[in-house]
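The structure under discussion appears below in the form of structure tokens.
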Amino acid sequence: MRSANWRCLLLFSILISLLVVILPADVVARSGCCAWHGGVCSYQCWHGGIGYKCCDGTFLSSTCDPYYAECDEYTNPQVTTDAVTSITADSVTLNGNLDSTGAPVTLEPEHSGLINCQVWFEYGKTTAYGYSTPKQSTSYPCSFSANIQDLDSDTTYHFRAVASNGLGTVYGSDTIFMTEDSSTNWIPIADAPFSGGYGEAVIGTEDYIYIARCYNINSDPYFVRYNPSTDTWSYISVQGLPDGAFRNGLSLEWDRGDYIYALFGGRYSEDDNTRCLFYRYNIPGDSWEQLNDTPHAQGAGDALTWSEYDGNLYAFVGNSERGSVFARYNASTDTWVNLSLNPSWSATDDGASLVAIGGDIYALKGEVDETVPNGDFARYNITTDTWVNLPDIPETGGVGDGASLLYIGDRVEGHDDHIFALGGGEADEDPGYNFYGYNTSQSQWNELGSIPCPVGQYVGNRLAFADDRIYYWQGSPSRWDCGGDAFYAFEISPYNASDICEWILSLGGPDYIGTSELDLLLFAYFGYVDIGFIPTTAEIAGCTKYYLGYDGDSMTGCSFYCTTGDVNSDGKVRISDVHLLLNYLGDPTLHQINKTRGNVNSDNTINVGDVILLLNHMGDPVKYPLGC
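Convert by adding 869 to the 1-based position in the sequence shown; the result is the number in our numbering.
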């Protein structure tokens, strides 16, 4: 279904006739014009516009030309394609501007030309377009828009504005947009009170989300709190903080108690080469307190996390120009101790981020070189003071401004081995849309779709958790899509181990489930997406009586996939095989033992591709004629 919503004011329309219509002029002719020819009259031109001649048909003299529109002065219209708005997974509002109708403008506005135009949009998945919005008429320059629906989610579309008058048709420039990914459940909520700035960060506590922000070093610091129960923002205390307190690299962390700690960041400027400000905010007291300085000058590579393992804070401090250190802060003694920085890294920068899980700290290095993309990711062990490099975050353009890590496993059941991440803006400063999950037990990254509004341009964490929801703040320039202040929530519901069996029963009945249901189940497993619960491998194993495939004579009509797909060698391809295959992922020993059973795609590696291929062939009578 497509509908149009036009803002153009249609004052009147021109009726085209086969006969030339001559109308007396409404106004007194300019002195001397057509004085001997009955005065000046308006005519309808061949192209539908209004022109002027002497009333006896004589053309206007050169003296009169500048004051009256004539038929041969009309041109094609001019139109501009503008950016889309109100984008969702299946709809969008297209916008354009009719810059000129093609009517001539004269020295006497009341005698300028007037012509009817039609405006519309063409759109489609390629520059061949293939679809058009309804046409609408207007006789004046104006902006116009059209809402289109029934689009495919997570898909790139092309569109352009079109305008036509009696002389011809013109086209605006081709512009692209991408619909949102319907597989992710980002819910728009109350926008933050401001867009991004050169010092910003987000943090969540048990019940609230906090944003600290300064636009630049001369601006007032702002500190605001979001209340999920009322969907409202309120300004809270910044008393005692100087102008420009929050700078590049600002980092916040909650200690799971009464305090939010803050590295205040620093510019690349030499003026900040000794800036080591470290504060904490007292939540119940609504007040700020300065603590001992960090052991190194701060910058865009700052990051901060609190460890439940030992109750200390861990931090990156610095940037690519002045170098970085990795340090531990003990709140009870207000002291810092330098630790070993990853020997593979000389510094951290835009997009550096930290999360603590048990006795380990997981880290993104950030964009240390704005010409060479990187996704460097590593793990630090608190007990041994050592680092291990892990698979890069799969951000093709490299992490950058706004890259963020978030761990919620200490607050939500079922997420002990899940890290959520934003890739941030890319190394070339392009806006960033990518949302990821990292499975610590499998040492594997998974793409979780796109966020609705791009992050980038400004350094600072954008992800936070509170009230059983993941939140993200856009924190980008106001000129970007969504205005830079957009705020979204993603609900992560607690679940019960019995839910998976109930879910399978509700979707597939008491005996079988279909390929689409198991696809959804595995998508939830790999993507940590809430489908009423988040499954684990143990829960999948607990429901093997509900299997996918044909439970027939295992010796009849078996194909190649009956061997490789029958991972547990029980003569049937069932959900239990998928469960066992999941356990093989990332384990080189099991790879060697199970090169035949489990290596479904014959690439000598057991990975997600094998699971996907196994799912695609389950229930296929060609691959499984009578069962297996």
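For each residue, glycine too, the CB sits at the ideal point set by N, CA and C.
Threshold first: 3 residues or longer. Then list the beta strand (DSSP E) segments lying entirely within the region 1091 to 1137, N to C. 1091 to 1096, 1101 to 1104, 1120 to 1123, 1128 to 1132
Using only the heavy atoms of the ligand PLP, determine whether one of them is closer than 8 Å to the beta carbon of D1238. The model depicted lacks the ligand PLP and carries no ligand whatsoever.
Can you say whether R1348 is buried or exposed, counting buried as having 16 or more other CB atoms within 10 angstroms of its CB? Residue 1348 sits at position 479 when you count from the first residue of the sequence shown. That one is exposed.
Quick check: Y1084 and V948, are their CB atoms within less than 9 Å of each other? In the sequence shown, the residue the question calls residue 1084 occupies position 215. In the sequence shown, the residue the question calls residue 948 occupies position 79. For Y1084 and V948, no; Cβs fall outside 9 Å.
Count the other C-beta atoms from every protein chain shown that fall within 10 angstroms of the C-beta of I1339, then say buried if there are 16 or more, exposed otherwise. Translated into the one-based positions of the sequence shown, residue 1339 becomes position 470. Classification of I1339: buried, given that the 10 Å Cβ count is 16 or more.
Does the distance from the CB of G1170 to the CB of S1138 come in under 9 Å? Numbered from 1 along the sequence shown, position 301 holds the residue referred to as residue 1170. Numbered from 1 along the sequence shown, position 269 holds the residue referred to as residue 1138. Taking 9 Å as the Cβ cut-off, G1170 and S1138 do not qualify as a contacting pair.
Cβ-Cβ distance between S1213 and A1247 below 9 Å: Mapped onto the sequence shown, residue 1213 falls at position 344. Mapped onto the sequence shown, residue 1247 falls at position 378. Against a cut-off of 9 Å, the Cβ pair of A1247 and S1213 comes out as a contact.
Nearest-angstrom Cα distance between L1020 and D959? Here residue 1020 refers to the residue found at position 151 when the sequence shown is read from its first residue. Here residue 959 refers to the residue found at position 90 when the sequence shown is read from its first residue. Those two C-alpha atoms are separated by around 4 Å.
Do Y1128 and Y1183 have their CB atoms nearer than 9 Å? Taking the sequence shown and counting its residues from 1, the one referred to as residue 1128 is at position 259. Taking the sequence shown and counting its residues from 1, the one referred to as residue 1183 is at position 314. In this structure, Y1183 does not lie closer than 9 Å to Y1128 by Cβ.
Opposing strand residues paired with E1316 [DSSP bridges]: Stepping through the sequence shown from its first residue, residue 1316 is reached at position 447. DSSP output for E1316 lists Y1305 as bridge partner(s).
S911: first and last residue of the uninterrupted beta strand (DSSP E) it sits in: Numbered from 1 along the sequence shown, position 42 holds the residue referred to as residue 911. Residues 909 to 913.
Name, in chain order, the residues that DSSP records as bridge partners for V1071. To locate residue 1071, count along the sequence shown from 1; it is residue 202. According to DSSP, V1071 bridges with I1080.
Start and end of the beta strand (DSSP E) containing F1028? Indexing the sequence shown from 1 puts residue 1028 at position 159. Taken as a continuous stretch (DSSP letters only), the beta strand (DSSP E) holding F1028 covers 1025 to 1034.
Is E1177 buried or exposed, if buried means 16 or more other CB atoms sit within 10 Å of its CB? For the purposes of this step, residue 1177 is taken as residue 308 along the sequence shown, with counting starting at 1. E1177 comes out exposed.
Is it the case that the Cβ atoms of G1135 and N1188 are separated by a distance below 9 Å? The count along the sequence shown starts at 1 and reaches residue 1135 at position 266. The count along the sequence shown starts at 1 and reaches residue 1188 at position 319. Cβ atoms of G1135 and N1188: closer than 9 Å.
For Y998, does the three-state DSSP call read helix, strand or coil? As a working note, residue 998 is residue 129 in the sequence shown. In the structure shown, Y998 sits in coil (DSSP, three-state: anything other than H, G, I, E or B).
Does the separation of the CB atoms of Y1357 and I1320 fall below 9 Å? Against the sequence shown, residue 1357 aligns to sequence position 488. Against the sequence shown, residue 1320 aligns to sequence position 451. Cβ atoms of Y1357 and I1320: closer than 9 Å.
Should N1161 go down as buried or exposed, given a rule of 16 or more other Cβ atoms within 10 Å for buried? As a working note, residue 1161 is residue 292 in the sequence shown. By the 10 Å Cβ count, N1161 comes out exposed.
Using three-state DSSP, classify C940 as helix, strand or coil. Reading the sequence shown from its first residue, position 71 is the one you call residue 940. Reduced to three states, the DSSP call for C940 is helix.
Restricting to Cα atoms, I'd like to know which of A1333, E1069, E942 is closest to R1280. Working through the sequence shown from its first residue, we reach residue 1280 at position 411. Checked all of A1333, E1069, E942; the closest Cα to R1280 is A1333.
Please identify the residue among A1221, G1228, V1224, V1268 whose C-alpha is closest to the C-alpha of G1244. Residue mapping note: residue 1244 aligns to position 375 of the sequence shown, counting from 1. Of A1221, G1228, V1224, V1268, the residue nearest in Cα terms is V1268.
Suppose you measure from the CA of S1022 to the CA of Y1305; what does that come to, to the nearest Å? As a working mapping, residue 1022 is identified with position 153 in the sequence shown. As a working mapping, residue 1305 is identified with position 436 in the sequence shown. Each residue's Cα considered, the two are about 18 Å apart.
Validate contact between the region 983 to 990 and the region 1026 to 1039 using beta carbons, cut 8 Å, 3 pairs: yes
Out of E1316, G1292, I1288, which one is the CA nearest neighbour of S1310? Along the sequence shown, read from residue 1 onward, the residue named residue 1310 stands at position 441. Comparing Cα positions, the closest option is I1288.
Go ahead and label P946 buried or exposed: buried means 16 or more other beta carbons lie within 10 angstroms of its beta carbon, across all protein chains shown. Along the sequence shown, read from residue 1 onward, the residue named residue 946 stands at position 77. So P946 counts as buried.
Start and end of the beta strand (DSSP E) containing H833? No statement about residue 833 is possible, as the shown extent of the chain runs from 870 to 1497 and does not include it.
Let's test the definition: count the other Cβ atoms within 10 Å of the Cβ of G918 and tell me whether it reaches 16, buried, or not, exposed. As a first step, residue 918 is located in the sequence shown; it is residue number 49 there, counting from the start. By the neighbour-count rule (16 or more Cβ atoms within 10 Å), G918 is buried.
Just to confirm the assignment, what range does the beta strand (DSSP E) spanning A1015 have? Position 146 of the sequence shown, counted from the start, is the residue given in the question as residue 1015. Segment 1011 to 1017, the beta strand (DSSP E) holding A1015.
Would you call the region 910 to 917 in contact with the region 926 to 946, where contact means no fewer than 3 C-beta pairs closer than 8 Å? yes
Per DSSP, which one or two residues make a beta bridge with F1359? As a working note, residue 1359 is residue 490 in the sequence shown. For F1359, which the question treats as bridged, DSSP gives the partners I1339.
Sort out for me which residues DSSP pairs F990 with in a bridge. Stepping through the sequence shown from its first residue, residue 990 is reached at position 121. Bridge partners of F990: A1030.
Cβ shell of W1205 (< 6 Å), same chain only, five flanking positions each side left out: Taking the first residue of the sequence shown as position 1, residue 1205 is located at position 336. Within the same chain, W1205 has close Cβ partners P1164, A1196, Y1198.
Using the rule of at least 16 other Cβ atoms within 10 Å of the residue's Cβ for burial, across every protein chain shown, is Q1343 buried or exposed? Here residue 1343 refers to the residue found at position 474 when the sequence shown is read from its first residue. By the neighbour-count rule (16 or more Cβ atoms within 10 Å), Q1343 is buried.
Rounded separation between V988 and S1012 - CA only: Position 119 of the sequence shown, counting from 1, holds the residue named residue 988. Position 143 of the sequence shown, counting from 1, holds the residue named residue 1012. Distance between the alpha carbons of V988 and S1012 is about 10 Å.
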